[in-house]
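Structure record follows, encoded as structure tokens.
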Amino acid sequence: MEEQKRFIDNGNGTIKDTKTNLMWMKNDSYQDLKVFIGFDTSQKHSAKNYLETKNKEAFAGYADWRLPTKQEAHSLFVEESLIKDSYDMDIHLDPVFPSGGGFNTWTSNTRGKITAFVLSYATGTGAHKETDASLNTSVRLVRTAGDIPLLNEKVPPPKADFGRLGSWR
Numbered sequence: 020m021e022e023q024k025r026f027i028d029n030g031n032g033t034i035k036d037t038k039t040n041l042m043w044m045k046n047d048s049y050q051d052l053k054v055f056i057g058f059d060t061s062q063k064h065s066a067k068n069y070l071e072t073k074n075k076e077a078f079a080g081y082a083d084w085r086l087p088t089k090q091e092a093h094s095l096f097v098e099e100s101l102i103k104d105s106y107d108m109d110i111h112l113d114p115v116f117p118s119g120g121g122f123n124t125w126t127s128n129t130r131g132k133i134t135a136f137v138l139s140y141a142t143g144t145g146a147h148k149e150t151d152a153s154l155n156t157s158v159r160l161v162r163t164a165g166d167i168p169l170l171n172e173k174v175p176p177p178k179a180d181f182g183r184l185g186s187w188r
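Heads up: the sequence shown is residues 20 to 188, going by this note's numbering.
Encoded structure:
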């Protein structure tokens, strides 16, 4: 009997994670907009504006998209999987996700209005980044795919790392 794949392409621009029961946008904001984005709404291209736009247009028929928590974002990090980011560098996402996206993602975890947590798919680690910074940052939106708990308790939280992510406070 064939083992069920963890990530399923729904054929509508979304991917279902059967381990966490989360539905992810197949493309991240960089793949969609062709620009890296900041976090807050004071910028033309930001994670919050991108989220608002996708909910207004009811992307894939849903208007409950949100920014992932850092634990949810980390749940996509698959050590043994490799695809290429927009700079042709290795990132650890399942190949059901297309190559060419950002190597890190904004999350909903903030420290006041100054920083938000960014997770690197190159290392599986992250740190807080200034919300007005857009260097190499994108977002992959998520929604709950059903009534099952959001995350399997065995998904570890990311560790802090101040490598390749940009400026830090």
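Just so it is clear, CB atoms sit at the ideal spot from N, CA and C, and this is done for glycine as well. These numbers come from a predicted model, not from an experiment.
* Asp36 and Met44: beta carbons closer than 9 Å? -> no
* Grouping DSSP H, G and I as helix and E and B as strand, with all else coil, what is Gly57? -> strand
* Rounded separation between Ile110 and Lys75 - CA only -> 30 Å
* Would you list the residues sitting across from Lys35 in a DSSP beta bridge? => Ile27, Met42
* Roughly how many whole angstroms lie between the Cα atoms of Lys70 and Glu22? -> Residue 70 is actually Leu in this sequence, not Lys. For Leu70 and Glu22, the distance between alpha carbons rounds to 34 Å.
* Asked: Mapping DSSP to helix, strand and coil, what is Ser139?
  -> strand
* Exposure of Asp47, with buried meaning 16 or more beta-carbon neighbours within 10 Å -> buried
* Among Asp28, Val137, Ile27, which one has its Cα closest to the Cα of Ala92? -> Val137
* To do: Please determine, among Ala141, Asp28, Ala152, Thr124, the residue with the shortest C-alpha to C-alpha distance to Ala79.
  => Asp28
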